[in-house]
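**Student:** Sequence positions in the sequence shown follow our numbering and run 160 to 843.
No residue lacks a Cβ here, since even glycine has one placed at the ideal position from N, Cα and C.
Note that the structure is a prediction, hence the values are computed from the model and not measured.
Let me give you the structure first, and then I'll get to my questions.
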Amino acid sequence: MDTMIELPAMRRSAELAPNTADADNRTVEVVWSAGARVRRATFFGEPYDEELSLDPAHVRLDRLNAGAPFLKVHELDTLDAVIGSVVPGSARIENGRGIALVRISERADVEPIWRDIQAGHIRAVSIGYQVHRFEVSKPEAARELWRAVDWTPFEVSAVAVGADPAAGFRAQHPLHDCVLHRRDAPTEQGADPMTEQTQTPARDAATPATNQPTEPVETEDTTMTEPKPAAPNPKVAASETRAQPKTHATPAPDTEAVATRAREAERDRVSTIYDLAGRLNLERGFAEDLVKRGVSVDESRRLILDQVAAKSDETRTFGHVSVPLGARDERITRRDAVANALLHRYSPTLFQLEDAARQYRGMTLLELARESLGNAGVNTRGLSRDEVATRALHSTSDFPEILSAVTNKTLRQAYEAYPRTFMLFCRQVLATDFKAMHRVQLGEAPQLLEVGESGEFKRGTLGESKESYKVKTYGRVVAITRQTLINDDLDAFTRIPAMYGNSIAQLESDVVWGIITANPAMADGNALFHTTHKNLAGTGAALDVGSVGAARAAMAKQTGLDKKTVLNVRPAFLIVPASLELKAEQLVAQNLVPAATSSVVPQSIRTLAPISEPRLDAASETAWYLAASPNQIDTIEYAYLEGQQGAYIETRNGFDVDGVEIKCRLDFGAKAIDWRGLYKNPGA
């Protein structure tokens, strides 16, 4: 039966070996556990015996091997208490003992401690550890035995006398979860196989435990003496004696099984950390740092929750959820009405005044702030203008949400109003992440071949060419201070987001049209418009019926990747700089006056949709282009991050500034995918 309880972190004395001190490297070896049995008191029951399993599969060494601190007497509150650290990667289990190498600090105040360690005056150390799982058994006529089968040592301390019974509680996060697995009955009457390694051979099984000579297992305290060459180390001998089974030999551990369990545990740890960080929208770099440092799953959960809490405190994001009108409460209705009054004040033609907003129509920003504070239960009587502004921007009132709604709507309105001419001939997709996206330019299907009687079908292949690009993040932050609120400067909350909306739309156009004007290299090494691609006129010609007809014929003759299959690409758009906009419109306009046959514009050319883009003028005022519909063949592809299409705005209470900060972000990318749907004439 498993039971979940909460336990404090605990401590045990361990062993410092002064004879292993290396003066040059300032290191000394520590035996941090021999797995002996210790009597413990509990807050919720009778005393029990605790035993730490030193099976490598039961001990989490990641915190020691990550460079756990070497402290003075378990002091956790000051940096001066750190007198060294465990050498990363040195913690291990050998012959039933936990061993690690400790490097001592070079600080001047630590030097006396280091000299005492070398001289053998300081011999006792103690470890701090957390138990995640106990297996509990009840030997006959004895205390319960709690055997730790999943535990983590997390610090080592130099102490004057080891195993202080009053010590053992961490300064922070004092309790942690621990699973107790209780066994219904012992497997052997009067003894538990799990505890045999801690039995003293000299102890008679029939002798009561209270009559036994005192052993160091109660405190695991060790007073070291320098070993003599002719005599074995009595402590090692005792340890080896205790390790002998009472009735049978302990089988040698299956090293391959242990390694397999370790690998599976590591895979579970890594996948759990990445999954938790991903579901809570934390940066991947944060999870990677936890994985590289070998942080355990439990510790990672705590750190991830701390990171989420820190981000929640740092950024206050105001989302907007559409709620059916009948389900809206009074607070939401009032908040929307105030936002509508401010938007109508900003632009009466764009935002019609709603009936619920009429009562707020003539109020200033400061009056609306005072109103919001009053609705939130804040007494504003006697507050100065500055105090009202400060509290409104840093409180639980609706005012920050109102300002957020106003900035969002003005930004979105300006963003959608800006003319983005590239959307007609380009294709939009969504990117799931910021990794490079690979777009395969599929070739034509192979030609069907005649199959004779009793003949077999021959296999064909599809040619392909790959283009790659990725979404990039663009953004800026602007602050709106309490001075703006006091001065009733509504433009700061409306015109600035509107300018951001225009700026974002302009950025998208700059990226896409920059591909046309820059003529970048494709995956085959040739430029987008190149004679090899048969989409660039050899000689520039003015925009007229003849030159457009020649360009159309060239697009129709484009072949597949096999250089044989004719694709018959038909242009749908005539793209020109602003200097040629009038001429393009005249070319495709309906001719109502009878004209000579030689000057008639065919209906097929008049079906071209003209697109005028002033960004092309900077590169050339004479060059013009034809583009096919993206439904027929790929041309240029642009992508937004999934869930973040277009402009995205967040607001938070300012930290560096006294007011509100507005962050505007765009996740966007674009790339020419196929040159066969585009054609360029340099013009004349």
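Going by other Cβ atoms of all chains shown within 10 Å of its Cβ, with 16 needed for buried, is S668 buried or exposed?
**Tutor:** Label assigned to S668: buried.
**Student:** Write down the C-beta distance between P312 and L304 rounded to the nearest angstrom, noting that I regard them as a contact closer than 8 Å.
**Tutor:** About 20 Å separates the two Cβ atoms, so there is no contact after all.
**Student:** Ordered along the chain, which non-local residues of its own chain (more than five positions away) have a Cβ less than 8 Å from that of I764?
**Tutor:** Excluding positions up to five away in sequence, the list reads V704, V707, G708, R711, L746 and V747.
**Student:** Once the 5 residues before and after P730 are set aside, which same chain residues still bring their CB inside 6 Å of it?
**Tutor:** Cβ neighbours of P730 beyond the five flanking positions: R711, M714, L785 and A787.
**Student:** Within its chain, find whatever has a CB closer than 6 Å to the CB of K631; leave out the 5 residues flanking it on each side and keep chain order.
**Tutor:** Once the five neighbours on either side are set aside, the close Cβ partners of K631 are G828.
**Student:** Quick check: what's the CA-CA separation for V269 versus I645?
**Tutor:** For V269 and I645, the distance between alpha carbons rounds to 57 Å.
**Student:** Buried or exposed for N694, going by 16 or more other Cβ atoms inside 10 Å?
**Tutor:** Under this definition N694 is a buried residue.
**Student:** With DSSP collapsed to three states, give me the class of V610.
**Tutor:** Coil at V610, not helix or strand.
**Student:** Within 10 Å of its beta-carbon, does K625 have 16 or more other beta-carbons around it, so buried, or fewer, so exposed?
**Tutor:** By the 10 Å Cβ count, K625 comes out exposed.
**Student:** From the DSSP output, read off the bridge partner residues of A829.
**Tutor:** DSSP output for A829 lists Y797 as bridge partner(s).
**Student:** Rounded to a whole number of angstroms, what is the C-alpha to C-alpha distance between N840 and Y628?
**Tutor:** Between N840 and Y628, the C-alpha separation is close to 27 Å.
**Student:** Do L570 and G660 come within 8 Å of each other at the CB atom, strictly closer than that value?
**Tutor:** For G660 and L570, yes; Cβs fall inside 8 Å.
**Student:** Excluding five sequence neighbours on each side, which residues of the same chain lie with their C-beta closer than 6 Å to the C-beta of I258?
**Tutor:** Cβ neighbours of I258 beyond the five flanking positions: V190 and R251.
**Student:** Which residue comes first and which comes last in the beta strand (DSSP E) that contains G257?
**Tutor:** Looking at the DSSP string, the run of the beta strand (DSSP E) that includes G257 is R256 to I263.
**Student:** Tell me whether E526 sits in a helix, a strand or coil according to DSSP, three-state version.
**Tutor:** Reduced to three states, the DSSP call for E526 is helix.
**Student:** Report yes if the CB atom of Y797 is closer than 8 Å to the CB atom of C585, and no otherwise.
**Tutor:** Result yes, Cβ atoms of Y797 and C585 sit closer than 8 Å.
**Student:** Measuring alpha carbon to alpha carbon, tell me which of A535, A498 and V537 ends up nearest Q518.
**Tutor:** The residue with the shortest Cα to Cα distance from Q518 is A498.
**Student:** Return the chain-ordered list of same chain residues with a C-beta closer than 6 Å to the C-beta of S771, the five sequence neighbours on each side being excluded.
**Tutor:** Around S771: V735, A737 and E740.
**Student:** How about D214 and R196: are their beta carbons less than 8 Å apart?
**Tutor:** In this structure, R196 does not lie closer than 8 Å to D214 by Cβ.
**Student:** By how many angstroms is the C-alpha of I561 removed from the C-alpha of H217?
**Tutor:** Taking the straight line from one Cα to the other gives about 55 Å.
**Student:** With a threshold of 16 other CB atoms inside 10 Å of the CB of K830, please say whether the residue is buried or exposed.
**Tutor:** Buried is the call here.
**Student:** On the premise that A227 lies in contact with V241, defined as a C-beta separation below 8 Å, what is that separation, rounded to the nearest angstrom?
**Tutor:** Wrong, their Cβ atoms sit about 10 Å apart, outside the cutoff.
**Student:** Hey, out of V728, N727 and V760, whose CA is closest to A743's CA?
**Tutor:** Measuring from the Cα of A743, the nearest candidate turns out to be V760.
**Student:** Drop a sphere of 10 angstroms on the beta-carbon of C823, count the other beta-carbons inside from all chains shown, and report buried for 16 or more, exposed for fewer.
**Tutor:** So C823 ends up on the buried side.
**Student:** Would D181 be called buried (16 or more neighbouring beta carbons within 10 Å of its own) or exposed?
**Tutor:** D181 is exposed by the Cβ-count criterion.
**Student:** Tell me K693's beta-bridge partners as DSSP assigns them.
**Tutor:** Bridge partners of K693: none, in fact.
**Student:** For Y807 versus Q665, is the C-beta spacing smaller than 8 Å?
**Tutor:** Against a cut-off of 8 Å, the Cβ pair of Q665 and Y807 comes out as no contact.
**Student:** Just verifying my parser: in three-state terms, what is the DSSP assignment at A573?
**Tutor:** DSSP places A573 in helix when its eight states are reduced to three.
**Student:** If you draw a straight line from the alpha carbon of L449 to that of I432, how long is it in whole angstroms?
**Tutor:** Looking at the two C-alpha atoms, the distance is approximately 8 Å.
**Student:** Are the beta-carbon atoms of R219 and W310 separated by less than 8 Å?
**Tutor:** Their beta carbons are under 8 Å apart, which means R219 touches W310 by this criterion.
**Student:** What is the residue span of the alpha helix (DSSP H) that P656 lies within?
**Tutor:** Here the alpha helix (DSSP H) through P656 covers D650 to A677.
**Student:** Report all residues from its chain with a CB closer than 8 Å to the CB of S531; omit the five preceding and five following residues, and keep chain order.
**Tutor:** The answer, listed in chain order, is V497, A551, S556, D557, F558 and I561.
**Student:** Cα-Cα, which of A421, V671, P789 and A564 is closest to T810?
**Tutor:** That would be A564, whose Cα lies nearest to the Cα of T810.
**Student:** Can you look up A778 in the DSSP assignment and give me helix, strand or coil?
**Tutor:** DSSP places A778 in coil when its eight states are reduced to three.
**Student:** I'd like the span of the alpha helix (DSSP H) that includes W834, first residue to last.
**Tutor:** Unbroken run through W834: none, as it is neither H nor E.
**Student:** Report back the beta-carbon spacing between W672 and R774 to the nearest angstrom; my notes put them in contact at under 8 Å.
**Tutor:** Confirmed, about 4 Å.
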